[in-house]
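Everything on this sheet refers to the single structure shown next.
There are 2 protein chains.
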Amino acid sequence: MKKRIICVSREFGSGGRELGKRLADNLGFAYYDREIVLSLAEQTGMDENSLEQQLEIAAPVPFAIHFAQSFTDNLTVNDTTVQLLSLQTRLIKELAAKGDCVIVGRAADSILEEEFPFRLFVYAESEAKLERCRSRATEGEGLSDREILRQMKRIDRRRAEFHDIISPRPWGDKESYDLCVNTTGTEIKAVVPAVAEYYRLWAAATDRGR
Amino acid sequence: MKKRIICVSREFGSGGRELGKRLADNLGFAYYDREIVLSLAEQTGMDENSLEQQLEIAAPVPFAIHFAQSFTDNLTVNDTTVQLLSLQTRLIKELAAKGDCVIVGRAADSILEEEFPFRLFVYAESEAKLERCRSRATEGEGLSDREILRQMKRIDRRRAEFHDIISPRPWGDKESYDLCVNTTGTEIKAVVPAVAEYYRLWAAATDRGR
């Protein structure tokens, strides 16, 4: 039987992770997000934060620059990044092979292209994302709205760069996805059953992968 | 009670009109598309084709150019276009005031902004749109794929231009919509119930217009 895979991409602060988790729960699918980093940490002995930095937040740009500019100075760093990306790709394929699942981020939409996953993009207006970030911020974290906005943009830019190393379909372009959900002004919990229903009907009707 | 309005924008050939009509049927809402042109034709005595040309296909660019370049030669044309746009705006507001409805195109999402409509965008990959256009083409119409693609692009460009005269939110940018549906590789009829359900849950949960 064809595997059922949903890949969720999301803007930082849009609630994509929450939507992905609830979608997995609704459909009875496995959910992979932090699990991927935890598993890599186990395999490599690296700590989770370094891994995140290396693989999504900080890696792609230095990787590209170092690769072009210095072949000796940063070989270890490059090497690690490449090895980690390769490990992560293998891990994502292994997880997907286990059965129905929702995978958040990590260019899984591209890595699993041959499985014809349902590609979901979650986004929101800046003000809505800011509000979500504010409400999640730890007491006394003390970032100004401007600083939060700058961080949001920085993280989304890294996600796009990371994604676009692996995928020919640009991150965030609606053409790269089957469904794009704007969470501005609505409650994620409330709309999840309809997203799940959309997925079910889409999966039954699609001619992709046949 | 708050009016329930859905505005559908769509790429040419994506099946947005079919999706809009089926959505209206599913929800028991009125459906307005050709009805708007027919009503304008009745009010003005103009024929439908000229109206379509004037209002969506050919109007915006000549309008802008004429407005800047010649104030005498084309005053009648400009005047007619402006009057028609104004009539159409009034008509759309009147139709929306009647009750729950789905309105396709015509920048209704912007015209009815104060009613906080649900804004839906329907799109598809070029090859899928081409296929749809081919299957609808009259026997012997004899357009090559390249000609159809050129026409598709031209019509979408005009729609965008027309829309963006009225609206500050760019046509086709996912940020301008609440939900974006990619019809590539799926059957519109099959997924409509989930879009209807998404609308119902969204409308119950949204804080817009409260």
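Residue numbers (the numbering used here), protein chains in the order written: chain E, 1 to 210; chain G, 1001 to 1210. Ideal Cβ positions, reconstructed from N, Cα and C, are used throughout, including at glycine.
Burial state of Lys98/E is exposed, judged by a 10 Å Cβ sphere holding fewer than 16 other Cβ atoms.
Taking 8 Å as the threshold, the shortest C-beta distance from Cys133/E to chain G does not fall below it. Contact between Ala1205/G and Val195/E is absent: CB atoms are separated by about 13 Å, not below the 8 Å threshold. With contacts defined as CB atoms closer than 8 Å, Asp1033/G and Val1104/G qualify as a contacting pair. Not a single CB atom of chain E sits nearer than 8 Å to the CB of Cys1007/G. Residues of the region 1177–1190 of chain G whose Cβ lies closer than 7 Å to any Cβ of chain E, in chain order: Tyr1177, Asp1178, Leu1179, Cys1180, Val1181, Asn1182, Gly1185, Thr1186, Glu1187 and Ala1190. Contacts between Pro168/E and chain G, judged by CB atoms closer than 7 Å, are missing: the closest CB pair is about 13 Å apart. Counting C-beta atoms within 10 angstroms of its own C-beta, Glu1197/G has 16 or more neighbours from the protein chains shown and is therefore classed as buried. Where Ala1205/G is concerned, the enclosing alpha helix (DSSP H) starts and stops at Ile1188 to Ala1205.
Shortest Cα-Cα distance from Gly1172/G to any of Lys1003/G, Lys1002/G, Arg1010/G and Ile1006/G involves Arg1010/G. Using a 10 angstroms sphere on the CB of Lys1002/G, the tally of other CB atoms stays under 16, which defines it as exposed. In the structure shown, Phe121/E falls within a strand segment according to DSSP collapsed to helix, strand and coil.
Chain-order list of chain G residues neighbouring Arg208/E: Gly1185, by C-beta distance under 7 Å. Ranking Glu127/E, Ile155/E and Val82/E by CA distance to the CA of Thr183/E puts Glu127/E first. Membership of Leu1112/G in any beta strand (DSSP E) is not indicated, and neither H nor E is assigned to it by DSSP. Neighbours of Leu1201/G across chain E, judged by C-beta separation under 7 Å: Ala190, Val191, Pro193 and Ala194. For Tyr123/E, at least one C-beta of chain G is nearer than 8 Å to its own C-beta. Residue environment for Asp1109/G: buried (at least 16 other C-beta atoms within 10 angstroms of its C-beta). Residue environment for Leu1095/G: buried (at least 16 other C-beta atoms within 10 angstroms of its C-beta). Counting other Cβ atoms within 10 Å of its Cβ, Pro170/E stays below 16 and is therefore classed as exposed. Using a CB distance cut-off of 8 Å, Ala1204/G counts as an interface residue toward chain E.
Contact annotation for Lys1002/G against chain E: no contact, minimum CB-CB distance about 14 Å [criterion: below 7 Å]. Proximity to Cys180/E across Phe1162/G, Leu1120/G, Ala1203/G and Gln1043/G peaks at Leu1120/G, based on C-alpha coordinates. With a threshold of 8 Å between beta carbons, Glu147/E makes no contact with chain G. Chain-order list of chain G residues neighbouring Glu52/E: empty, with the shortest C-beta distance near 27 Å, by a criterion of under 9 Å.
Where Ser39/E is concerned, the enclosing alpha helix (DSSP H) starts and stops at Arg34 to Thr44. Each residue's CA atom was taken as its position, placing Val82/E and Arg1150/G some 42 Å apart. Between Gly1013/G and Arg1132/G, the gap from beta carbon to beta carbon is short of 8 Å. The C-beta of Glu1115/G comes no closer than 8 Å to any C-beta of chain E.
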